[in-house]
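Every position in the sequence shown, counted from 1, becomes a number in our numbering once 297 is added. The C-beta atom is built at its ideal place from N, Cα and C for all residues, glycine as well. The structure appears below as structure tokens.
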Amino acid sequence: MRIAMWSGPRNLSTAMMYAFGNRADCTAWDEPFYAAYLSQTGITHPMRSEILAAQPHDSATVITQIEQPTDRPVQYLKLMTHHMLADFQLDWAIGCHNIHLIRHPARVIASYTAKRETPDLTLDDIGFGQAARIYEALPGPVIDSADIRADPAALLRLLCDAIGLPFESAMLHWSAGPKPFDGVWGPHWYDAVHRSTGFAGAEGPLPDVEDAHRDLLDAALPVYDAMHAARLRP
Numbered sequence: 298m299r300i301a302m303w304s305g306p307r308n309l310s311t312a313m314m315y316a317f318g319n320r321a322d323c324t325a326w327d328e329p330f331y332a333a334y335l336s337q338t339g340i341t342h343p344m345r346s347e348i349l350a351a352q353p354h355d356s357a358t359v360i361t362q363i364e365q366p367t368d369r370p371v372q373y374l375k376l377m378t379h380h381m382l383a384d385f386q387l388d389w390a391i392g393c394h395n396i397h398l399i400r401h402p403a404r405v406i407a408s409y410t411a412k413r414e415t416p417d418l419t420l421d422d423i424g425f426g427q428a429a430r431i432y433e434a435l436p437g438p439v440i441d442s443a444d445i446r447a448d449p450a451a452l453l454r455l456l457c458d459a460i461g462l463p464f465e466s467a468m469l470h471w472s473a474g475p476k477p478f479d480g481v482w483g484p485h486w487y488d489a490v491h492r493s494t495g496f497a498g499a500e501g502p503l504p505d506v507e508d509a510h511r512d513l514l515d516a517a518l519p520v521y522d523a524m525h526a527a528r529l530r531p
């Protein structure tokens with residue numbers, strides 16, 4: 298079984314990877330298209346040189362690697378929607394169990410800007426435009442990070458049932474610290490999840506969004522609202 302977990306940045310995606318990666322039957326792969334995305338766009342990200350040195354720069358090479366057999370029956374792919382440029386093929390994922398992880402854009406914007414200061418943050422940076430395109434091309438269960446944090450056991454059981462995978466209680470807890478399947482960028486982005494041993498509790502009120510990002514929030518909300526309405530519910 299190959300699981301393609303599609304998510305924008307700052308969406309609980311690393312904690313979800315840790316949950317699946319803690320299964321005895323699962324091999325986890327962290328953001329395999331990151332270097333290809335950076336190479337083709339020329340965009341500046343934290344640890345850019347380290348990422349480019351660690352992964353293939355060609356999306357076709359990444360796809361070939363993904364399609365190779367693994368030593369465990371479940372392959373979990375943590376995939377960032379914003380990494381999937383328009384000319385990156387998606388056909389390879391048709392046979393996957395495609396899952397779409399969403400988070401309210403106000404939380405995404407607040408979390409993202411805390412890690413990568415950029416005055417010209419765009420909808421593409423936070424992955425909402427690409428999320429809609431990928432969801433249309435590769436439909437599958439939608440899960441909201443707020444629902445996961447409110448009741449991890451219930452949501453993970455529901456998700457496992459939806460894709461025909463037996464639930465394992467090991468998905469609810471993991472050891473603190475880095476994981477062997479972390480991407481090389483982990484030291485910059487994963488400090489909070491490295492301190493964790495499970496999913497954090499329910500989130501509080503939505504954060505305020507700075508005036509500079511209000512238009513971005515307004516553009517992202519219709520995508521979020523449409524997918525949120527289709528989400529798996531406990």
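CB-CB length for residue i against residue j, believed under 8 Å
{"i": "ARG369", "j": "ASP322", "result": "5 Å"}
{"i": "ILE300", "j": "TYR373", "result": "5 Å"}
{"i": "PRO306", "j": "MET377", "result": "6 Å"}
{"i": "PHE425", "j": "VAL520", "result": "4 Å"}
{"i": "LEU462", "j": "MET298", "result": "7 Å"}
{"i": "VAL405", "j": "ILE431", "result": "Not quite, the Cβ-Cβ distance comes to about 16 Å (not below 8 Å), so this is no contact."}
{"i": "LEU398", "j": "SER304", "result": "4 Å"}
{"i": "ILE396", "j": "ILE363", "result": "Going by Cβ atoms, the distance from ILE396 to ILE363 rounds to 16 Å, so no, they are not a contact pair."}
{"i": "ASP327", "j": "MET314", "result": "6 Å"}
Exposed unless 16 or more other CB atoms sit within 10 angstroms - verdict on residue i
{"i": "ALA499", "result": "exposed"}
{"i": "ALA517", "result": "buried"}
{"i": "THR494", "result": "exposed"}
{"i": "HIS354", "result": "exposed"}
{"i": "GLN427", "result": "buried"}
{"i": "ALA434", "result": "exposed"}
{"i": "GLY339", "result": "exposed"}
{"i": "ALA325", "result": "buried"}
{"i": "ALA505", "result": "In the sequence as presented, Ala is not what sits at residue 505; that position holds Asp. Exposed, by the Cβ-count rule."}
Per DSSP, the bridge partner or partners of residue i
{"i": "MET381", "result": "MET381 pairs with nothing; no bridge assigned."}
{"i": "LEU374", "result": "ALA301, TRP326"}
{"i": "GLY424", "result": "GLY424 is not bridged to any residue."}
{"i": "GLY495", "result": "HIS470"}
Endpoints, the alpha helix (DSSP H) within which residue i is located
{"i": "LEU349", "result": "345-351"}
{"i": "THR361", "result": "356-363"}
{"i": "LEU335", "result": "331-338"}
{"i": "THR311", "result": "310-318"}
First and last residue of the uninterrupted beta strand (DSSP E) at residue i
{"i": "ARG528", "result": "Per DSSP, ARG528 belongs to no beta strand (DSSP E) and is neither H nor E."}
{"i": "LEU398", "result": "394-399"}
Which runs of the alpha helix (DSSP H), 4 residues or longer, sit entirely within the region 427-489? 442-447, 449-460, 483-486
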